[in-house]
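> Handing you this structure, nothing more for now.
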Amino acid sequence: MVPDVYAPIQIKSGELIMDADRMVLNAYDASAVEEALVLKEKHGGEVEVVCIGPAKASETIRKALAMGADKGVHILTSGDEGYDSGSFAKVLAAFFKDKEYDVISLGKQSQDTDSGLTGSMISELLNLPYATNAVGLEAEGDILVVKRQGDTGQEMIGLPTPCAVTCSNDMNDPRIPNLKGIMASKRKPVETVEISNLDVDASSLSATSKVIGYEEKPARQAGKKYEGEADEIARQVAQLLDTEANVI
Amino acid sequence: MSSILTYVAIADGKIKRSSLEVLSHCKKQAEANGLTVEAVVIDANASSFVDGIKAYGASKVYVIEDQIFQNHMNTPLLKALIKVVDAANPQVFAFASTEGTKDILGALAANQDAAVLADVSSFEVSSGSVHAKRPVMAAKVVANTEASGDLILVSVRSGSYDLIESPSEAEVVNINFSLNESDLKATLREIISATGDTIDLNEAEAIVAAGRGVKDEEGKALISELAGILNAGIGASRALTESGVYDPSLQIGQTGKVVSPQLYIAVGISGAIQHVAGMANSKVIVAINKDADAPIFEVADYGIVGDLYKILPPFIDELKKIKS
Amino acid sequence: MEDKFDCIVIGGGVAGLAAAMTLAKNNMKFLLIERGEFAGAKNVSGGILWGSDLAKLVPDYWEEEDAGWERFINHRRLTFMDDQSTFSLDFKSKHFNETPYTGVVVLRAKFDNWLAGKVQEAIDASDFAMDSFIATDIKVDEVILENDKAVGIKTGEDEFFADSVIIAEGVNNLLTRQVGLQDKYVPADHMLTGIKEVIRFDQKVLEDRFQLDGLSGMTNEFVGWATDGVEGGGFLYTNKDTISIGLVVGIKDLREKKKSPHDLLNHFKTHPTVADAIKGGEIVEYSAHVVSSGDSRVMPKELYKDGILIVGEAANLLMNAGKAIQGMDFAMRSGILAAETIVKAKEKGDYSSATLKEYRKVMDESYIMKDINNFQDAVHLLHTDVMQNKVPNLVCDFGRQFFTIKNEPTPRSKDMIKGAIKRHSSVWELAKLGFKAGKSL
Numbered sequence: 028m029v030p031d032v033y034a035p036i037q038i039k040s041g042e043l044i045m046d047a048d049r050m051v052l053n054a055y056d057a058s059a060v061e062e063a064l065v066l067k068e069k070h071g072g073e074v075e076v077v078c079i080g081p082a083k084a085s086e087t088i089r090k091a092l093a094m095g096a097d098k099g100v101h102i103l104t105s106g107d108e109g110y111d112s113g114s115f116a117k118v119l120a121a122f123f124k125d126k127e128y129d130v131i132s133l134g135k136q137s138q139d140t141d142s143g144l145t146g147s148m149i150s151e152l153l154n155l156p157y158a159t160n161a162v163g164l165e166a167e168g169d170i171l172v173v174k175r176q177g178d179t180g181q182e183m184i185g186l187p188t189p190c191a192v193t194c195s196n197d198m199n200d201p202r203i204p205n206l207k208g209i210m211a212s213k214r215k216p217v218e219t220v221e222i223s224n225l226d227v228d229a230s231s232l233s234a235t236s237k238v239i240g241y242e243e244k245p246a247r248q249a250g251k252k253y254e255g256e257a258d259e260i261a262r263q264v265a266q267l268l269d270t271e272a273n274v275i
Numbered sequence: 028m029s030s031i032l033t034y035v036a037i038a039d040g041k042i043k044r045s046s047l048e049v050l051s052h053c054k055k056q057a058e059a060n061g062l063t064v065e066a067v068v069i070d071a072n073a074s075s076f077v078d079g080i081k082a083y084g085a086s087k088v089y090v091i092e093d094q095i096f097q098n099h100m101n102t103p104l105l106k107a108l109i110k111v112v113d114a115a116n117p118q119v120f121a122f123a124s125t126e127g128t129k130d131i132l133g134a135l136a137a138n139q140d141a142a143v144l145a146d147v148s149s150f151e152v153s154s155g156s157v158h159a160k161r162p163v164m165a166a167k168v169v170a171n172t173e174a175s176g177d178l179i180l181v182s183v184r185s186g187s188y189d190l191i192e193s194p195s196e197a198e199v200v201n202i203n204f205s206l207n208e209s210d211l212k213a214t215l216r217e218i219i220s221a222t223g224d225t226i227d228l229n230e231a232e233a234i235v236a237a238g239r240g241v242k243d244e245e246g247k248a249l250i251s252e253l254a255g256i257l258n259a260g261i262g263a264s265r266a267l268t269e270s271g272v273y274d275p276s277l278q279i280g281q282t283g284k285v286v287s288p289q290l291y292i293a294v295g296i297s298g299a300i301q302h303v304a305g306m307a308n309s310k311v312i313v314a315i316n317k318d319a320d321a322p323i324f325e326v327a328d329y330g331i332v333g334d335l336y337k338i339l340p341p342f343i344d345e346l347k348k349i350k351s
Numbered sequence: 003m004e005d006k007f008d009c010i011v012i013g014g015g016v017a018g019l020a021a022a023m024t025l026a027k028n029n030m031k032f033l034l035i036e037r038g039e040f041a042g043a044k045n046v047s048g049g050i051l052w053g054s055d056l057a058k059l060v061p062d063y064w065e066e067e068d069a070g071w072e073r074f075i076n077h078r079r080l081t082f083m084d085d086q087s088t089f090s091l092d093f094k095s096k097h098f099n100e101t102p103y104t105g106v107v108v109l110r111a112k113f114d115n116w117l118a119g120k121v122q123e124a125i126d127a128s129d130f131a132m133d134s135f136i137a138t139d140i141k142v143d144e145v146i147l148e149n150d151k152a153v154g155i156k157t158g159e160d161e162f163f164a165d166s167v168i169i170a171e172g173v174n175n176l177l178t179r180q181v182g183l184q185d186k187y188v189p190a191d192h193m194l195t196g197i198k199e200v201i202r203f204d205q206k207v208l209e210d211r212f213q214l215d216g217l218s219g220m221t222n223e224f225v226g227w228a229t230d231g232v233e234g235g236g237f238l239y240t241n242k243d244t245i246s247i248g249l250v251v252g253i254k255d256l257r258e259k260k261k262s263p264h265d266l267l268n269h270f271k272t273h274p275t276v277a278d279a280i281k282g283g284e285i286v287e288y289s290a291h292v293v294s295s296g297d298s299r300v301m302p303k304e305l306y307k308d309g310i311l312i313v314g315e316a317a318n319l320l321m322n323a324g325k326a327i328q329g330m331d332f333a334m335r336s337g338i339l340a341a342e343t344i345v346k347a348k349e350k351g352d353y354s355s356a357t358l359k360e361y362r363k364v365m366d367e368s369y370i371m372k373d374i375n376n377f378q379d380a381v382h383l384l385h386t387d388v389m390q391n392k393v394p395n396l397v398c399d400f401g402r403q404f405f406t407i408k409n410e411p412t413p414r415s416k417d418m419i420k421g422a423i424k425r426h427s428s429v430w431e432l433a434k435l436g437f438k439a440g441k442s443l
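Protein chains in written order, with the working numbering: chain R, 28 to 275; chain Y, 28 to 351; chain B, 3 to 443.
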């Protein structure tokens with residue numbers, strides 16, 4: 028669950044003010060949910076969604092349930108703890124420690140902070156084989172086959188379950204819940220979990236990194252526009268790139 | 028004495044330029060803080076790159092060489108990095124932010140209980156902490172962040188720093204490491220390279236990017252020709268990678284690659300925020316689009332309003348003349 | 003047969019939400035379907051919510067911190083414009099400060115979303131907490147009719163059934179047309195386009211500039227030069243830390259005069275008085291929407307049918323008689339009345355026209371239809387060339403003379419008036435206007 032990054036933003040004295048009081052399902056997580064549902068439709072099984080966040084986060088759990096997930100878990104925070112990726116990873120690892128699952132799937136990063144750390148952190152804490160930046164998933168018996176987008180091309184990786192995977196939103200187009208899904212979601216169970224009930228030492232959760240302020244991104248100024256006869260302006264700019272910009 | 032350690036990545040048999048950018052900056056930070064600057068290279072032929080690393084000022088180079096590093100896999104790399112951290116005990120461990128780094132950075136932080144600042148556009152070291160700037164909220168805003176601890180990991184967006192050569196004497200430390208693929212739980216089954224010799228976009232000095240306006244084979248040919256003359260990498264907007272016209276690894280944008288070459292030529296690209304987020308830090312931006320109101324013109328230094336099929340041929344021709 | 007609802011409300015704007023709130027408070031089992039991602043996502047108003055019905059739906063709403071509304075209105079201004087001048091009727095009074103307020107300015111995305119939250123609370127407190135829903139991001143494709151009676155709705159492949167349907171779909175009332183209560187094509191003659199910008203200021207600057215106190219706010223409507231000869235008018239309203247500025251212009255007239263709404267709005271903003279008012283602000287939002295003019299000639303043939311009630315702008319319930327634009331308050335009241343009719347229908351066990359025509363009756367008795375009928379002439383009058391162009395120019399001409407003190411003998415006001423009339427109109431024309439106005443206002 029993240030703030031709506033496409034809503035207008037203001038920075039006032041170093042603080043970030045979101046115009047829209049809206050939290051939305053992180054696009055990368057939505058892809059993770061979608062792919063999980065696709066796998067369930069192909070191979071059966073159950074999709075459970077887990078979300079850490081303040082009370083408002085329950086809306087995004089409902090959305091995932093409306094998409095087709097079977098049940099939800101809401102790990103409750105106050106929203107003021109100042110948790111960073113490491114804190115969240117530790118909480119999630121403590122939650123999953125004694126659970127049974129084949130795959131833990133997450134979005135590869137969150138749209139607001141774009142850090143992309145939580146997935147691999149959880150995998151390390153739970154000692155799970157994992158892959159990041161997945162653009163395709165397939166199940167072969169109890170192996171999860173991941174198509175991963177690397178730096179120069181794609182890799183096909185086989186992960187024995189239980190395993191973890193982080194998903195790119197290039198993987199799919201998450202379905203928009205239909206009315207039947209929305210209605211059904213109301214009756215699906217959502218369990219609320221308090222962090223104090225998890226097997227994790229509260230003092231270990233303090234963030235080791237924090238945001239101390241925000242600033243406007245220095246705007247890139249527009250340069251010059253060249254309009255007119257194609258041949259003329261094309262050659263003109265080519266010359267300028269050499270003489271003026273010095274980049275040829 | 029405490030140190031700043033830089034991870035030097037290797038790709039296609041060469042040291043990645045982005046790693047050297049980070050190393051250059053680490054050297055400056057080390058000098059400013061009375062720390063040493065060290066480097067680590069992990070590859071199937073790691074020892075062959077030591078000289079290239081020494082040229083950028085590392086005073087010590089850790090080397091891990093093993094066949095398992097022929098192709099990128101997260102578990103062996105992670106294990107190797109853990110060994111290096113044990114040996115080097117750095118205060119700060121810096122990486123260029125590539126897919127390879129993103130694959131292990133969080134895991135390494137969790138393993139070491141280290142603080143981590145990912146995908147920063149700049150960072151500064153002071154005693155016991157690192158201050159960094161990171162673009163957030165779909166790159167609309169810059170967050171000033173701070174991390175402190177005994178070990179701080181930092182990954183840096185490519186193009187953030189200039190290369191500064193500073194040849195030095197360096198101690199080379201070989202670390203024993205061996206791992207068999209059969210020891211791993213995960214299996215790397217297949218590598219599907221992007222077709223053709225594509226220049227790594229994070230390394231390229233110039234990039235030609237194709238957008239929706241590039242409709243057909245003729246358009247693609249023009250793009251290739253332009254890239255050829257400029258020795259540029261070829262990138263594409265999401266529309267074209269999604270439709271399969273170009274390979275997904277060539278996608279430039281918020282969810283693709285974030286690049287900052289010296290020269291970026293956007294051909295037939297409208298300039299949606301998500302794309303601009305991936306190239307706004309380029310030194311010089313040229314845009315070619317037939318829509319005079321396209322948002323790309325708001326970030327372009329040189330905006331050419333016209334049909335790319337009519338603009339590119341004379342453009343390419345003029346560049347040929349200049350180059351000869 | 004799947005679970006059946008007592009009522010399906012189509013549309014989560016002000017009318018739909020008001021109906022839904024009333025249904026929830028009366029322990030009805032209902033479904034509210036909104037096609038936007040969230041309630042308010044697809045709505046645009048100037049906009050002022052007049053009247054005190056909001057207090058009926060959300061009692062003591064003014065006590066809630068950061069509720070969905072921006073400011074209450076205690077300062078009203080009506081302005082005539084020519085190319086250089088503005089001549090205004092300006093009224094500000096402390097009596098408007100009393101709660102319940104008689105007018106609040108809102109921004110729809112925030113307001114509707116907030117109100118939807120209140121409806122959800124009402125659902126949660128009702129007997130049907132697990133069965134009544136607000137569903138967003140869903141579009142209703144069709145009202146399902148059996149023997150010309152509504153039995154449910156269809157969205158995509160899915161069908162949902164109910165004893166009644168309240169159509170609160172807004173001005174582009176396609177479903178109202180589908181069920182046969184409105185013609186397939188509505189003439190553009192009586193439809194308008196609303197176009198606006200939201201411009202942000204530092205809150206302190208805004209409050210100083212418009213002399214706002216606490217949460218007080220100002221409304222300003224404009225006629226004359228504002229729309230560059232196109233039928234319509236302008237508006238400027240103060241929100242918390244932004245202003246809403248825009249125009250409402252006739253679609254047919256726009257087309258005939260070959261002007262674009264975008265250009266007209268930019269033109270309006272260049273008027274010296276307006277430019278001074280908005281100086282230094284940052285445009286943060288741009289939106290547009292079709293709007294009814296309130297002309298009763300385009301109202302649906304009837305507002306009810308077997309199992310169907312039409313509310314809000316889907317029923318063309320809007321009025322711009324010059325003094326104010328009343329749309330949201332009509333929507334709210336009609337939504338409440340429709341829902342109350344449905345509640346009665348459930349008690350009787352009959353949702354046919356025989357029972358539902360009660361809605362028509364209470365609507366006719368309500369201030370909505372009374373005002374629409376009484377002020378039809380005023381609406382027509384407002385859209386004449388005399389009112390739109392000649393009168394503003396005349397008034398400003400007079401103003402220029404009246405308020406200019408020179409080192410010359412001062413003409414008598416009546417001579418000033420005569421001169422202005424001669425330059426812009428004629429005594430006869432004005433007399434006709436005066437006569438019509440006297441009858442209609």
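Quick reminder that beta carbons are idealized off the backbone N, C-alpha and C, glycines included.
Chain Y beta carbons: is any one of them nearer than 9 Å to that of leucine 103 of chain R?
Judged by the 9 Å Cβ criterion, leucine 103 of chain R is not in contact with chain Y.
> Using a Cβ-Cβ distance cut-off of 9 Å, determine whether arginine 44 of chain Y contacts chain R.
Judged by the 9 Å Cβ criterion, arginine 44 of chain Y is not in contact with chain R.
> Closest Cβ-Cβ distance between isoleucine 88 of chain R and chain Y: below 9 Å?
False, the Cβ-Cβ gap to chain Y never drops below 9 Å.
> Taking C-beta to C-beta, are alanine 71 of chain Y and aspartate 93 of chain Y nearer than 9 Å?
Cβ atoms of alanine 71 of chain Y and aspartate 93 of chain Y: closer than 9 Å.
> Going by CA-CA distance only, name the one from B:Gly42, B:Arg37, B:Val153 and B:Glu65 that's closest to aspartate 308 of chain B.
Checking every option, the nearest Cα to that of aspartate 308 of chain B belongs to B:Val153.
> Please name the residue or residues paired with aspartate 269 of chain R in a DSSP beta bridge.
In the DSSP output, where bridge partners are listed per residue, aspartate 269 of chain R has none listed.
> Out of R:Leu206, R:Asp107 and R:Leu119, state which residue places its alpha-carbon closest to the alpha-carbon of valine 142 of chain B.
It is R:Leu206.
> At a cut of 8 Å, does the region 159-174 of chain Y reach the region 69-87 of chain Y through at least three beta carbon pairs?
No contact exists between the region 159-174 of chain Y and the region 69-87 of chain Y.
> Check this for me: beta carbons of isoleucine 327 of chain B and methionine 334 of chain B, under 9 Å apart or not?
The answer is no: Cβ separation not under 9 Å.
> Sorted by chain position, which residues of the same chain lie with C-beta nearer than 8 Å to alanine 131 of chain B's C-beta, five sequence neighbours on each side aside?
If we look at alanine 131 of chain B and ignore the five residues flanking it on each side, its Cβ neighbours are Ile125.
> When you compare the CB positions of alanine 236 of chain Y and glycine 271 of chain Y, do they come within less than 9 Å of one another, or not?
Cβ atoms of alanine 236 of chain Y and glycine 271 of chain Y: not closer than 9 Å.
> Going by C-alpha distance, which of R:Ile170, R:Asp226, R:Arg247 and R:Leu103 is nearest isoleucine 300 of chain Y?
That would be R:Arg247, whose Cα lies nearest to the Cα of isoleucine 300 of chain Y.
> Could you check what DSSP says for glutamate 410 of chain B in three-state terms: helix, strand or coil?
In this structure, glutamate 410 of chain B counts as coil in the three-state DSSP scheme.
> Please confirm whether glutamate 72 of chain B and lysine 112 of chain B have their CB atoms less than 9 Å apart.
Yes. Within cutoff.
> By a C-beta neighbour count over all protein chains shown, 10 Å radius and 16 as the cutoff for buried, is glutamate 159 of chain B buried or exposed?
With fewer than 16 other Cβ atoms within 10 Å, it is exposed.
> Where in the region 63-118 of chain Y do unbroken runs of the beta strand (DSSP E), each at least 3 residues long, occur, reported from the N-terminal end onward?
Within the region 63-118 of chain Y, the complete beta strand (DSSP E) runs of at least 3 residues are 63-70 and 87-92.
> Would you list the one or two residues that DSSP bridges to cysteine 9 of chain B?
DSSP output for cysteine 9 of chain B lists B:Phe32 and B:Ser166 as bridge partner(s).
> Exposed or buried, which one is glutamine 97 of chain Y when buried takes at least 16 other CB atoms within 10 Å?
Answer is exposed; the Cβ neighbour count stays below 16.
> Just to confirm, are leucine 103 of chain R and alanine 82 of chain R a CB contact at a threshold of 9 Å?
Yes. Within cutoff.
> Cutting at 6 Å between CB atoms, please list the residues of its own chain near leucine 133 of chain R, excluding the five before and the five after it.
Once the five neighbours on either side are set aside, the close Cβ partners of leucine 133 of chain R are Ala59, Gly146 and Thr193.
> With 16 other CB atoms within 10 Å as the buried threshold, where does serine 182 of chain Y fall?
Label assigned to serine 182 of chain Y: buried.
> From the DSSP output, read off the bridge partner residues of tryptophan 71 of chain B.
Tryptophan 71 of chain B is bridged to B:Val108.
> Taking leucine 214 of chain B as the reference, give the member of B:Glu36, B:Lys94 and B:Leu59 with the closest Cα.
Nearest of B:Glu36, B:Lys94 and B:Leu59 to leucine 214 of chain B, Cα basis: B:Lys94.
> Pick from Y:Lys167, Y:Lys55 and Y:Ile202: whose alpha carbon is nearest that of valine 88 of chain Y?
Measuring from the Cα of valine 88 of chain Y, the nearest candidate turns out to be Y:Ile202.
> With distances taken Cα to Cα, identify the nearest neighbour of aspartate 258 of chain R among Y:Lys350, Y:Glu345, Y:Ile323 and Y:Ser185.
Closest option to aspartate 258 of chain R, Cα to Cα, is Y:Glu345.
> Taking the alpha-carbon positions, what's the alanine 197 of chain Y to glutamate 232 of chain Y distance?
For alanine 197 of chain Y and glutamate 232 of chain Y, the distance between alpha carbons rounds to 29 Å.
> Counting only beta-carbon atoms, is glutamine 281 of chain Y nearer than 9 Å to chain R?
Yes, because at least one Cβ of chain R sits closer than 9 Å to the Cβ of glutamine 281 of chain Y.
> List the residues of chain R that aspartate 139 of chain B touches, going by C-beta distances under 8 Å, in chain order.
Those are Ile203 and Pro204, listed as they occur along chain R.
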